[in-house]
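Colleague: Handing you this structure, nothing more for now.
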Amino acid sequence: MTLIKVNLCSYLKNTVVNVIERGVMTQELWTEVDRYITDLLVPADPVLDATLAASHAAGLPPHHVSPNQGKLLMLLALINRARTILEIGTLGGYSTIWLARALPVEGKLITLESNPKYAEVARNNIVRAGLAHLVEVRVGRAIDTLPKLATEGYNQFDLIFIDADKPSNPEYLAWALKLSGRGSLIIADNVVRNGSVIEPNSEDPSVQGVRQFNKMLAVEPRVSATAIQTVGNKGYDGFAIAVVTPED
Ligand SMILES: C[S@@+](CC[C@H](N)C(=O)[O-])C[C@H]1O[C@@H](n2cnc3c(N)ncnc32)[C@H](O)[C@@H]1O
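Offset between the sequence shown (1-based) and my numbering: plus 4.
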């Protein structure tokens, strides 16, 4: 163990020295540190590995969160003692499984996915993970399925994870506010977009969607929010995290 630590430290030291000498952070370093964190703190998990393998075999794009981001989501749900979770953007159910693992036995997670094929892959993955009793996958454009949740009486999800089509983020935030209450967490992935989030005149609808979403967070009196930059094997991006605060 000590030997591994020493080798790892000297590897990192050399890498960091290289980076400082070159004056740039590299994808290579981010990936190595991501691997180091994942190996140390997010042990290999056959269920999650099978989820990614099945998603890949079914031809789904690799747009899932990374293992340590998935664990971060689970930890945030645990910290908030979430009993009900809403996810917008299921893909193969990888982040869904991380989040559902934080739920108590009587908990509930509803995840929204527009692509029926992806939803089917996700359902199978969720069954394999032994979480089918907690998770419901709803198929349809989120902008159509969100209002239905409201009519069904959902108004207090403890955690809402927004991770679908980014141009719609402002609408998803408006819905998240309708479907949450005091103490709820609202989390959104991909809010930095390789740094392009700081380009006010970007013609990329995803950048504009994220910029508007971030601006809404800034002026919304019902939330206290921040965003953190993330680097790793998924490149350079970020999470926005908001907590719904008491209204005055
Ligand atoms: C980034 S992926 C989600 C990744 C997933 N949260 C994870 O980390 O494992 C985005 C997903 O949102 C879905 N999506 C895109 N537009 C949507 C919409 N209008 N309504 C619902 N889902 C949508 C895509 O089909 C895709 O599966």
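Glycine is no exception: its CB is placed at the ideal position from the N, C-alpha and C atoms.
Out of N72, I114 and L150, point me to the one whose CA is closest to I89's CA.
Modeller: I114
Colleague: Tell me whether L160 sits in a helix, a strand or coil according to DSSP, three-state version.
Modeller: Reading the sequence as shown, one finds Gln at residue 160 and not Leu. DSSP, read as helix, strand or coil, puts Q160 in coil.
Colleague: Label E91 either buried or exposed according to how many other C-beta atoms from any shown protein chain fall within 10 Å of its C-beta, with 16 as the threshold for buried.
Modeller: buried
Colleague: I'd like to check one pair, L103 with G133: are the Cβ atoms closer than 8 angstroms?
Modeller: Looking at the sequence itself, residue 133 is Ala, so the reference to Gly does not match. Not a contact, by the Cβ cut-off of 8 angstroms.
Colleague: Can you check which of these residues, A178, Q212 and A61, is closest to R197 by C-alpha distance?
Modeller: Selected option, being the one with the closest Cα: Q212.
Colleague: Smallest Cα separation from V109: which of S184, A86, E117 and L221?
Modeller: A86
Colleague: Check whether the Cβ atoms of L95 and H67 lie closer than 8 angstroms to each other.
Modeller: yes
Colleague: Output the boundary residues of the beta strand (DSSP E) element that contains S59.
Modeller: Note, S59: premise wrong, no beta strand (DSSP E); alpha helix (DSSP H) at P50 to A61.
Colleague: Going by DSSP, which residues form a beta bridge with S172?
Modeller: Beta-bridge pairing links S172 to no other residue.
Colleague: Given that a residue counts as buried once 16 or more other Cβ atoms are within 10 Å of its Cβ, and exposed if not, what is R127?
Modeller: buried
Colleague: How long is the line joining the alpha carbons of K182 and A48, rounded to whole angstroms?
Modeller: One C-alpha to the other measures close to 37 angstroms.
Colleague: Which value, in whole angstroms, describes the spacing of the CA atoms of I130 and S99?
Modeller: 11 angstroms
Colleague: Any idea which residues DSSP pairs L153 with across the strands?
Modeller: L153 pairs with nothing; no bridge assigned.
Colleague: Give me the DSSP bridge partner(s) of D193.
Modeller: F243
Colleague: Taking buried to mean at least 16 other C-beta atoms within 10 Å of its own C-beta, is P225 buried or exposed?
Modeller: exposed
Colleague: Taking 8 angstroms as the threshold, find out whether the region 180-195 comes into contact with the region 239-247 through three or more Cβ pairs.
Modeller: yes
Colleague: Based on the DSSP secondary-structure assignment, which residues constitute the bridge partners of Q233?
Modeller: Answer by DSSP bridge pairing, in chain order: G242.
Colleague: Quick one: is the Cβ of E117 within less than 7 angstroms of any heavy atom of ligand 1?
Modeller: yes
Colleague: How long is the line joining the alpha carbons of V143 and Y158, rounded to whole angstroms?
Modeller: 17 angstroms
Colleague: Go through its chain and collect everything with a Cβ distance to Q233's Cβ below 6 angstroms, but skip five positions before and after it.
Modeller: In the same chain as Q233, and ignoring 5 residues on each side of it, the C-beta atoms closer than 6 angstroms to its own belong to V196 and G242, in chain order.
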